[in-house]
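Residue numbers (the working numbering): -10 to 330.
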């Protein structure tokens, strides 16, 4: 069940984040605030004590219904650097595999006074569903839902671009590969559009980049050279074979021949182009090793930036939740005084 107005669900009455579910409906000011706060956290990695007390006394539950290493690890590290207590719920061995419903599981976690759920789920809209059915005092962070959204990945990508390019205006960005199945690409399109890039190109075969993606405002390209010509940023995506149904590709080798990023195809982009990848990388399928490990690659920077972005999102959402609770308490108190109670 998708929320028709994502902005209304994600923001409190003061316009602050209280959940982070998608980038739909969030304006440039909020995205910039996330990036600015993440910048302030980046220097923590160089300090001997890598902690701040922003979430001290709060409990964060990593609720992953899909396998993940990089995302779950960076969320856990981000929460611990904010001084939160962290619970990693292994769904494969939890009661949900014994017939307990999702709502039953959530209600039990709420009864443990959890303050934040970081949710990854295979169904699009799962994070929205949980935000609608949880108690109001629990912040929900979407760590990826189906094909729909992966907002923290998109924001760490935006931070990476800003740190290397200094701005978004005037940039040309190519997203290459399996756009059809990519929640990352959908969130990136929202973020890049909101932050004001000049041009977004979606590059891949017709089976993986249908023409209806042009409705997003992006340019659809089915030839790699046209897609990469004079771009400032290249984002490579992996082939999500686990989500594919039917023969969408003749073979991986054929895909690599036509759409793989090599040193030769890199020459079509601008000389100072940066190369990004949300991971995991399939070397020799969508990207050559010499490109992934080369001077234009900022893939490891993305991982580092991911911790800072997730710290920013978690601290902002918790702050928004606490502000909502304070407003609600004040409202009740004022009402009681007005009624002479």
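Don't be surprised by glycine CBs; every beta carbon is placed ideally from N, CA and C.
Please read all numbers here as calculations on a predicted model, not as lab measurements.
For the pair residue 108 and residue 126, the CB atoms are not nearer than the 8 Å cut-off. Only exposed fits residue 4, as fewer than 16 other CB atoms lie within 10 angstroms of its CB.
Spatial neighbours of residue 261 in its own chain (CB-CB distance under 7 Å, excluding positions within 5 residues in sequence) are not present. Contact annotation: the region 301 to 308 does not touch the region 273 to 281, with fewer than three C-beta pairs closer than 8 Å. Non-local C-beta neighbours of residue 268 in its own chain, meaning closer than 6 Å and more than five positions away in sequence, comprise 59, ordered along the chain. Judged by their CB atoms, residue 192 and residue 216 are nearer to each other than the 8 Å cut-off.
Between residue 312 and residue 51, the beta carbon gap of about 24 Å keeps them out of contact (Cβ cut-off 8 Å). DSSP places residue 302 in the helix class (H, G or I) of the three-state scheme.
Residue pairing by DSSP places residue 192 opposite 165 and 210 in a beta bridge.
Beyond the five residues adjoining it in sequence on each side, residue 314 comes within less than 7 Å, by CB distance, of 126 in the same chain, given in chain order.
For residue 288, the CB contacts under 6 Å within the same chain, skipping 5 residues up- and downstream, are 266 in chain order. With a minimum length of 3 residues, the unbroken runs of beta strand (DSSP E) contained wholly in the region 32 to 71 fall at 48 to 53. The beta carbon of residue 203 sits closer than 7 Å to the beta carbons of 209 from its chain, once the five residues preceding and following it are set aside; these are given in chain order.
By the criterion of at least three beta-carbon pairs nearer than 8 Å, the region 149 to 158 is not in contact with the region 245 to 253. With 16 or more other Cβ atoms inside 10 Å of its own Cβ, residue 140 counts as buried. In the structure shown, residue 224 falls within a strand segment according to DSSP collapsed to helix, strand and coil. One Cα belongs to residue 68, the other to residue 279, and the distance between them is close to 34 Å.
In this structure, residue -2 lies near residue 10, with their beta-carbon atoms less than 8 Å apart. The beta-carbon distance between residue 222 and residue 263, rounded to whole angstroms, is 6 Å. This is short enough to meet the 8 Å contact definition. Taking a contact as a CB-CB distance under 8 Å, the pair residue 16 and residue 183 counts as one, their CB atoms being some 7 Å apart. For residue 180 and residue 144, the gap between their C-alpha atoms comes out near 7 Å.
With fewer than 16 other Cβ atoms inside 10 Å of its own Cβ, residue 195 counts as exposed. For residue 252, the enclosing alpha helix (DSSP H) begins and ends at 252 to 255. In the three-state scheme derived from DSSP, where H, G and I count as helix and E and B as strand, residue 152 is classed as helix.
Comparing alpha-carbon positions, the option among 39, 27, 19 and 44 lying closest to residue 308 turns out to be 44.
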